[in-house]
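See structure below.
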Amino acid sequence: MIHTPEGQYILHRLKTELPEHFYYHNVDHTLDVYHAAASISEKEHISEEDKKLLLVAALYHDSGYLNHVKDHEKASCDIAREALPNFGYTNEQTDHIYAIIMATQLPQQPKNKLEEIICDADLDYLGRADFIDTGDKLYREMKALGNISDKKAWDALQISFLTQHRYFTKTAVENKEPKKQENLRALQNKHLLPK
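Take 0 as the starting number for the sequence shown in numbering that gives the first Met the number 0 and just add one per residue.
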């Protein structure tokens, strides 16, 4: 899907139109979610048509940041609804893509397998070795937007988020949850050490 016209269209827009202060929600994150969704979908055995819709949703899921920070999921859906018919997508297909994108809204409440996969792909980094580095990009972005004050507040937010988060697919639970718990313990231990 990355090399299709609809994929190239949105990736080009993300590369050229996103403001520089989107250190996390940028084309790198989009491709990260795309690859995670592709990997999870292989292990979860979904149909080729469902995989196509899922991967298009992954490419468009944060495109709303081109226009809005607040309610970016809805803005992402609007961009997909406007663009995808130009690439031959039916109303039914765009409706499915819309629902998949909206499932990424926090708190995540997926209603089916495709929504579970996109949710797990969107937060895949929580259960990876690059959690700290990836999280630092989000911290820098939130700081630039005035949504977080300092590293102490960020760490507290991360601990709370990791504690409440859950993966939905069997694949992510088995492959990402153990490392996520390790990342959580590392953050908690960081704050137990004497200053």
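Using N, Cα and C, we set each Cβ at its ideal position, and we do this for glycine too. Treat the numbers as computed from the prediction; the structure is a model and nothing was measured.
Can you find the residues in the same chain that come closer than 8 Å, C-beta to C-beta, to residue i, ignoring five residues on each side of it along the sequence?
i, result
"residue 14", "26"
"residue 117", "32, 36, 53, 56, 57, 60, 99, 100, 102, 103 and 109"
"residue 11", "none"
"residue 86", "3, 4, 5 and 8"
What are the boundary residues of the alpha helix (DSSP H) that includes residue i?
i, result
"residue 38", "26-43"
"residue 159", "150-163"
"residue 189", "176-189"
"residue 65", "No alpha helix (DSSP H) contains residue 65, which DSSP labels as neither H nor E."
"residue 130", "130-143"
"residue 12", "4-16"
Which same chain residues end up closer than 7 Å to residue i when comparing Cβ atoms and leaving out the 5 residues on each side of it in sequence?
i, result
"residue 170", "39, 42 and 43"
"residue 115", "109, 167 and 168"
"residue 7", "none"
"residue 107", "118"
"residue 136", "22 and 23"
When you compare each of the options to residue i by their alpha carbons, which one comes out closest?
i, options, result
"residue 36", "167, 84, 140 and 130", "167"
"residue 51", "19, 70 and 2", "2"
"residue 93", "80, 17 and 105", "80"
Report yes if the C-beta distance between residue i and residue j is below 8 Å; otherwise report no.
i, j, result
"residue 125", "residue 83", "no"
"residue 164", "residue 122", "yes"
"residue 20", "residue 144", "yes"
Sorted by chain position, which residues of the same chain lie with C-beta nearer than 6 Å to residue i's C-beta, five sequence neighbours on each side aside?
i, result
"residue 62", "9, 75 and 78"
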